[in-house]
């Protein structure tokens, strides 16, 4: 796994805020800060990206089902960087309905005159699918472009969930 | 397999004409009649239907690759009967590009005031994915809603391809 | 597909006889000659060969199910060329029971002092799994080492089944 | 998951000793006690059990690869309770070679006059595949008959690995 391991104490290393123009689905968070104390799995995808649809979304749904909500929260992030016209909010809504996506999905904020949306730029995603894991203290524990094995990812998340929120 | 076996000689039993408002992709046929003499596999799908995306489209691509074009032609038919606003021609074009669909896809003709498009009504499809196989003489040899096993379908198509175009 | 296409008329091109020391399972053929007029699919395997177990045997079972017995017959051939001591008839019998193998399996005849059994030598198999397809006239139409796609193989067999037994 | 959660403090609740007549493969443990302080995953299987071969063994290999050896150790247990004659040590050795099993496998001790071997009886396995997970303190944390999802199992193991060996 391509990981970015951050020492957890410095405030500057906190996961950057999500820049989201709109949330779809139930129970969207007010902000990442609101989720501090839980592990957050952020699945960045595009609804017409084949590897996202065949691998990333099913894996994100499995993660959502494998953990208690008070320990770990899955968020989708629709990072549209191509074919913007046909992957708008109405299309995404249908996609979420048809694929039974059970977690909230934020639409990454468009940047006027640029193809790549705001959060994708801030996090430096190389494409879709990308997966970011944020630990209980709010630091980025993993940032990965491409596919990850279910068992390896489950093991990584299980260990992270077992870590205390406070390092005191 | 749910099949409709037609005796091939009566003109009335020929596969109904496709009512298509627009073709996307290379080498669209002028009509089914133009393809008389070859086996035609018609794959009816919607671009946001999960079983179409995970099963139907990959199978149709395998069929396209398994046969010589002069023996068998695969045609897609985009039979949108729900969520019409987000599955228009521009979205379908992106879908075909992202999923590398190598055969032409016709957009089933909308019927004013009705959800179900024209060809879908004519053929009586119960949903998507649906597969229609037309033999060399132009008669419907198979009409199936849902998924079919690759080996069984390959065997069926192989036998059909081996039949002569003329029953004399 | 690695194929060997034989002109069907010359007697010398008939598939060589199977050298089998024992048949397991119901309805073993007396000889290949007895099956003349039908397509024969010969699946050569070893019960402890991983690709045979995960791919070859399930595919052979699908072929067995996809065709009428009067058109096509599947035969297994246990071509043990390594670890002979632990892949004897009693072990094979258990394997066939556990994996629900529905077609007869012949044990390739051992050659004294040699690892490679008789039929494997005669047919020149390079390893397991290997697949041989014999047409209705008794000629080898396909001989392949390794894995084949279900749809492509189904198409090939369907075309072969549709050919007449007699070329007159 | 069918789990048996033991409070970890009582010595009587420690995982029972393995009764093994012979170990195959590198680095067999002297006993479970020797592994105290690490998580132990015990995969009970039979080499001719289809679900063991297609699901259990590949999953056990993934677990072996996903964790550091000082945190978690995978052990195989060959619990032969049927067809004993063809699943002896020599056959198992070939199976481990052909399937590239990278962890040690113990042969469950036969009980004279009984089909079910000793450790299988002690642990009360209902069949194969069965999976037992022992925590760092030596207590059984999970005992499951059948298949488990990779992501769920990875999450469970990750959490267990993150627990301290001592409960002080």
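Chains as they are written, first to last, in our numbering: chain X, 34 to 201; chain S, 34 to 201; chain L, 34 to 201; chain H, 34 to 201.
By construction, the Cβ of each residue, glycine as well, lies at the ideal position given by its N, Cα and C atoms.
Computed from a prediction, not measured in an experiment: that's the story for all the values here.
With respect to residue 110/S, residue 96/S sits apart: the two C-beta atoms are not nearer than 9 Å. Looking at the DSSP output, residue 74/H sits in a beta bridge with 107/H and 166/H.
The region 148–158 of chain L and the region 143–160 of chain S do not touch, with fewer than three beta-carbon pairs separated by less than 8 Å. Taken through DSSP and simplified to helix, strand or coil, residue 89/H comes out as helix. Taking a contact as a CB-CB distance under 8 Å, the pair residue 120/S and residue 57/S does not count as one, their CB atoms being some 12 Å apart. Chain S places a beta carbon closer than 9 Å to that of residue 190/L, counting this residue as a contact.
The beta carbon of residue 160/H sits closer than 7 Å to those of 178, all from its chain and outside the five residues before and after it, given in chain order.
In the structure shown, residue 172/S adopts extended strand secondary structure according to DSSP, grouped into three states.
In this structure, DSSP gives residue 53/X an extended state, which the three-state scheme calls strand. Shown here, residue 141/X sits in a strand according to DSSP, grouped into three states. Near chain H, meaning a CB-to-CB distance below 7 Å, the residues of the region 123–148 of chain L are 123, 124, 127, 128, 131 and 132. Closest by C-alpha distance to residue 72/S, out of 173/S, 143/S, 140/S and 123/S, is 173/S. The criterion of a C-beta distance shorter than 9 Å is satisfied by residue 61/L and residue 139/L.
Within the model, the alpha-carbon separation for residue 181/X versus residue 133/S is close to 23 Å. Between the alpha carbons of residue 143/X and residue 52/X lies a gap of roughly 9 Å. In the DSSP assignment, residue 116/X is bridged to no other residue.
A straight line joining the alpha-carbon of residue 124/L with that of residue 136/H spans about 24 Å.
Closest in alpha carbon position to residue 66/S, among 168/S, 188/S, 194/S and 195/S, is 168/S. For the 9 Å CB-CB criterion, residue 81/X and residue 108/X do not form a contact. For residue 82/S, the chain X residues whose C-beta falls within less than 8 Å of its own C-beta are 131, listed in chain order.
Between the alpha carbons of residue 59/S and residue 126/S lies a gap of roughly 12 Å. Any Cβ of chain X closer than 9 Å to the Cβ of residue 168/H would place that residue at the interface, and such an atom is absent. Among the CB atoms of chain L, none fall inside 9 Å of the CB of residue 78/S.
At least one beta carbon of chain H lies nearer than 9 Å to the beta carbon of residue 121/L.
In the displayed model, residue 184/S falls within a helix according to three-state DSSP. With its beta carbon less than 9 Å from one in chain S, residue 193/L belongs to the interface. Residue 93/X has a beta carbon lying at 9 Å or more from every beta carbon in chain S.
The DSSP-derived three-state label of residue 158/H is coil.
In the displayed model, residue 189/X falls within a helix according to three-state DSSP. The beta carbons of residue 166/X and residue 191/H sit no closer together than 9 Å. Its chain contains 169 as the residues whose beta carbon lies nearer than 8 Å to that of residue 197/L, once the 5 sequence neighbours on both sides are disregarded; these appear in chain order. Under the Cβ criterion of 9 Å, residue 48/L is not counted among the residues facing chain S.
DSSP, reduced to helix, strand and coil, places residue 178/H within a strand of the structure shown. Taking 9 Å as the CB threshold, residue 116/X lines the interface with chain S.
The three-state secondary structure of residue 68/H, taken from DSSP, is helix.
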